[in-house]
Amino acid sequence: RAESLKETNPMLGHRGCRLLITYPEILDMQVGAIIEAALECRREGVKVIPEIMHALTLDKKELKILVDETRRIADNLIEKAGIKLDYLVGTMIELPRAALLADQLAEEAEFFSFGTNDLTQTVMGLSRDDAGRFLPQYMDEEKAAIFSSDPFQTLDVTGVGMMVDWAIKKGRATRPKLKVGICGEHGGDPESVKFCYRVGMNYVSASPFRVPIARLAAAQGTIEEKGKKNSKRPPR
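Structure (structure tokens):
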């Protein structure tokens with residue numbers, strides 16, 4: 084089976100939610116594991132609200148299939164346990180099509196998490212694993228510095244950021260209280276975190292050793308934006 088699933092370009096292939104569409108037993112196993120673990124926590128008096136996120140989605144119909152099946156599996160387990168458990172079902176926005184159709188996806192998703200690693204790859208046509216061979220030349224000042232920084236370390240606000248901003252606005256036009264966040268390397272980069280604050284994200288996630296940096300950047304972003312608003316107020 085492993086040999087039959089081998090692909091030439093796995094980055095754009097049979098992974099993420101596509102596996103759950105073609106192999107629904109995987110969805111059954113993963114959702115079951117999440118909900119059963121959450122129920123066990125509730126039995127021990129631990130408050131927990133699982134957020135089940137479907138990755139690599141690109142269409143409302145696709146997401147609806149997954150959300151409906153997720154809720155069927157989860158609700159059956161919760162009913163059998165006789166324990167109250169709230170949970171959310173959302174999606175990761177990491178493809179341009181998903182960002183462009185965010186208003187439609189928000190009809191099914193209760194939250195968005197931007198997978199900016201893959202979104203950068205798919206928007207810019209760059210492979211994170213291979214681009215290091217030529218990116219230094221793109222950031223070379225003697226060659227006009229096509230990029231001011233590595234787009235896989237600091238979010239490309241001009242291009243990828245435009246896609247993120249669009250998706251947030253479209254998503255919240257459909258679901259005003261849509262919870263929005265970011266995951267990936269950009270969640271620990273100070274400039275990227277400040278951008279996340281400016282476009283109205285609720286949270287950023289980062290690897291453990293970058294959490295202090297992310298918290299500091301979030302605080303700085305808040306102060307900077309408040310300072311801009313105060314500077315626009317007419318003098319008394």
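Sequential numbering of the sequence shown, starting at 84, is according to the working numbering. Where is the CB? At the ideal position from N, CA and C, for every residue including glycine.
Shortest Cα-Cα distance from F278 to any of A256, I296, V247 involves V247. Within its own chain, the residues whose Cβ lies closer than 6 Å to the Cβ of G96, once the five positions on either side in sequence are excluded, are E90, listed in chain order.
G173 has M136 as its beta-bridge partners, per DSSP. Annotation: D201 to V294 spans about 21 Å, alpha carbon to alpha carbon. Shortest Cα-Cα distance from A164 to any of A121, T174, T205 involves A121. If you look at F194, you'll find it in the beta strand (DSSP E) that goes 194 to 198. Its Cα nearest to that of R255, the residue Q187 stands out among T305, Q187, M207, G271. Burial check for D272: the Cβ neighbour count within 10 Å reaches 16 or more, so the residue is buried. For the options V287, I117, K315, N92, the alpha carbon positioned closest to that of V172 is the one of I117. Between the C-alpha atoms of A189 and D223 there is a straight-line separation of about 40 Å. In its chain, beyond the 5 residues on either side, K277, Y280 have a beta carbon closer than 6 Å to the beta carbon of G304.
In the DSSP assignment, K262 falls within the beta strand (DSSP E) that extends over 262 to 266. Annotation for E162: the continuous alpha helix (DSSP H) segment containing it runs 143 to 164. Taking one beta carbon from each stretch, the region 195 to 214 and the region 152 to 162 have fewer than 3 pairs nearer than 8 Å; the two do not touch. Its chain contains A250, K253, G254 as the residues whose beta carbon lies nearer than 6 Å to that of A185, once the 5 sequence neighbours on both sides are disregarded; these appear in chain order. Here the alpha carbons of E307 and N313 stand approximately 10 Å from one another. Taking C-beta atoms as the reference points, I104 and I148 count as a pair closer than 8 Å. Rounded to whole angstroms, the gap between the alpha carbons of D158 and F194 is 19 Å. Ranked by Cα distance from G128, the first of I166, L160, M112, L299 is I166.
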